[in-house]
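Chemist: One structure coming up, written as structure tokens, with questions to follow.
In my numbering, the protein residues as written are 70 to 782.
Given below as structure tokens:
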């Protein structure tokens, strides 16, 4: 294994560096993924140990996808998956595309910039379930070497062709192996009973004995260099191709039985290694009868395309908004079918309104937007009206079918896919090509299936976006648009919704001027992320504001609000923290209803305030809420927050609060809004918010008060 301290020659091409890493780590397959220019998609650029066709289902990975390669790039760390079971648990979508007993490692390829990721695969039974520190160091050394070579190259395209085309396949052994075996090996194979043949890592015949040719029914001249399922049509079955893939990727012996028409049954025994697959072909008895050949599909979809369809279908089930649908279609479906253009439109008000495009200039998009849904004079309208997809391989074919349709772009082939849900038109998806393109029966079948999945995803996404817009407007109406200006107090607040969901919740905050140099600060959290939580939040916020405006003390404000909520009988819990700040005397009185303690920073150090909490609001109508008095000096700072800032599954919340206080002290003097940015960036929930977050920061600066008296009302 190559030493981590020996990165290899700097003048070696990335191809050789990838092959060296595969050999040095004992991996059966290595793949280099490079970021597309917009850094939203990872494309398979170099492949070692398998054919490009085998890797097609995972040739494109979005950076935010739940996959080991994407995780390695996003989090800039090595991801190790010890086996199939762990892959299913941690990355179920990847497990569908790799249904084999495998271990894998994905590591970031990073130098002066982020380049992408390196993926390595091992058969599960060829290595222990753990990775040693030395192995990790060797993999990361290989990544650093690849990064240097990419940076030394004239450009990314020169290295890998980072477009949407197939990856470049790199041989594992330097110089490859000769296709013709030695005479002694050929004689040995001829003496064995049955037939012997060999396949390379691309799946092509490289050797056939005379016995194999006799059993297969074809001469070697017709078979050498071909794929078995292409040259022997009776092997053109996804089940048989899957057995080859299983042997190639798992490096385990595999056996299957196939019928050579009309009734000759043969056993195929596959023995794989890093250079290819040895195959023994022997006659067998007749198994259970199967349907006649003519009743089976004439053009069965390749197993690689089937895995690709499953992988894309899984991705479509995870999209949330319309933009997610657009991104997935553009980043995964377009490259999978070699398309250069995309128009995705939604049916609204009897017209097709464009929601997303790729590969079209703005002037063309404006001309395509708003076409009538019910017209049969255009391919999109006809496809949507009839529900039948339309495929045109060249402009002449389109002109013959629609002589009156206006040519609106410079594309030369199109697939018009109607998006229909339960007989209701949702929109239309158009894939287009810069050159004439032949749509095979397999392409048409898979695209038609995908159109149904895209339609379902689009329908859900539009509903989600509508709810999102409603939730956003409701949330904006319930939270204060701006905080009031209070002389002697510098303030800032922030509300962030959960990373996923309707962007609506029960977190709230407010700042209430009380006159005579006093101000009230309140922050709270109603359990839940729905309209009911937001409605209760509005009631709590209004009640607190009303009682505070009457001049009630902190405990009285919470007690009155608690009795009000107990009368409502809410099923949701509500926490709240209320503070009365007397800026003239420099004192603060705080009362808590089960809310996390605020942080206070004095003279460069910060700590949680020891505020004795009362029960949550609405639980016990007779509950009391102790008041805590603290002194405020010039420059002192109070930070109020909801538990979304500090709470993560499996972590101790008190430790998280203490760590947040340390970060508050380290932040140093800065404006309150910049201080909130710092706290958000260093919170345990940074980047993966499972809950809403509200933060309110108050900086006591009495030197900024007017010299002639208390704050203006």
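Ideal Cβ positions, reconstructed from N, Cα and C, are used throughout, including at glycine.
1) On the criterion of 16 or more Cβ atoms from any shown chain inside 10 Å, does residue 673 qualify as buried, or is it exposed?
2) Keeping to the same chain, check which residues put their C-beta closer than 6 Å to that of residue 86; ignore five residues upstream and five downstream.
3) According to DSSP, what are the bridge partners of residue 149?
4) Quick one: is residue 368 buried, meaning 16 or more other Cβ sit within 10 Å of its Cβ, or exposed?
5) What's the gap between the Cα of residue 197 and the Cα of residue 345?
6) Inspect the beta-carbon positions of residue 263 and residue 280 and report whether they are closer than 8 Å.
7) Opposite residue 184 in the DSSP bridges: which residues?
8) Keeping to the same chain, check which residues put their C-beta closer than 6 Å to that of residue 140; ignore five residues upstream and five downstream.
9) What are the uninterrupted segments assigned as beta strand (DSSP E) that are 3 or more residues long and contained completely in the stretch 564–639, given in chain order?
10) Does the stretch 657–668 come close enough to the stretch 702–721 to have 3 or more Cβ pairs within less than 8 Å?
11) Expressed to the nearest angstrom, what Euclidean distance is found between the alpha-carbon atoms of residue 353 and residue 132?
12) I'd like to check one pair, residue 660 with residue 613: are the Cβ atoms closer than 8 Å?
13) According to DSSP, is residue 220 helix, strand or coil?
14) What is the DSSP secondary structure of residue 698, counted as helix, strand or coil?
15) DSSP three-state call for residue 739: helix, strand or coil?
16) Nearest-angstrom Cα distance between residue 584 and residue 159?
17) Please classify residue 751: does DSSP put it in a helix, a strand, or coil?
18) Helix, strand or coil for residue 112 per DSSP?
19) Expressed to the nearest angstrom, what Euclidean distance is found between the alpha-carbon atoms of residue 312 and residue 318?
20) By Cβ distance, which residues of its chain are closer than 8 Å to residue 555, with the 5 residues on each side in sequence left out?
21) How big is the Cα-Cα spacing for residue 425 and residue 501?
22) Would the beta-carbon of residue 119 fall within 8 Å of that of residue 98?
23) If we cut at 8 Å on Cβ distances, does residue 593 have a partner in chain B?
24) For residue 339, write down the residues that DSSP places opposite it in a beta bridge.
25) Looking only at C-alpha atoms, which of 175, 401, 622 sits nearest to residue 204?
26) Tell me whether residue 448 sits in a helix, a strand or coil according to DSSP, three-state version.
27) Could you please give me the residues that DSSP links to residue 485 through a beta bridge?
28) Mind checking which residues open and close the beta strand (DSSP E) that includes residue 130?
29) Tell me whether residue 331 sits in a helix, a strand or coil according to DSSP, three-state version.
30) Tell me whether the stretch 517–530 and the stretch 484–500 touch, counting them as touching only if at least three CB pairs, one residue from each stretch, are closer than 8 Å.
31) Which residue from 282, 333, 591, 83 puts its Cα closest to that of residue 650?
32) With a cut-off of 8 Å on the beta carbons, I'd call residue 741 and residue 559 a contact; round off their distance for me.
33) Excluding the 5 residues preceding and the 5 following residue 366 in the sequence, name in chain order all residues of the same chain whose CB lies nearer than 7 Å to its CB.
34) Confirm the yes/no value for this check: CB of residue 112, any heavy atom of the ligand ATP, distance under 7 Å.
35) Per the contact definition of three or more C-beta pairs closer than 8 Å, is the stretch 269–280 in contact with the stretch 296–310?
36) Any idea what DSSP makes of residue 301, helix, strand or coil?
Modeler: Looking at the atomic coordinates:
1) exposed
2) 214, 215, 218
3) 174
4) Below a pLDDT of 50, predicted positions are generally treated as unreliable, and residue 368, at 36, falls in that range; the measurement from the model is reported next regardless. Residue 368 should be labelled exposed.
5) 24 Å
6) yes
7) Bridge partners of residue 184: none, in fact.
8) 148
9) 575–584, 587–595
10) yes
11) 49 Å
12) no
13) helix
14) strand
15) coil
16) 56 Å
17) coil
18) strand
19) 10 Å
20) 580, 582, 588, 652, 780
21) 14 Å
22) yes
23) You won't find chain B in this structure, because it holds only one protein chain.
24) 323, 348
25) 175
26) helix
27) 459, 499
28) 129–131
29) coil
30) yes
31) 591
32) 6 Å
33) For residue 366, the predicted model reports a pLDDT of 36, less than 50, meaning its position is unreliable and no value from the coordinates is stated.
34) Ligands displayed in this structure: none; no statement on the ligand ATP is therefore possible.
35) yes
36) coil
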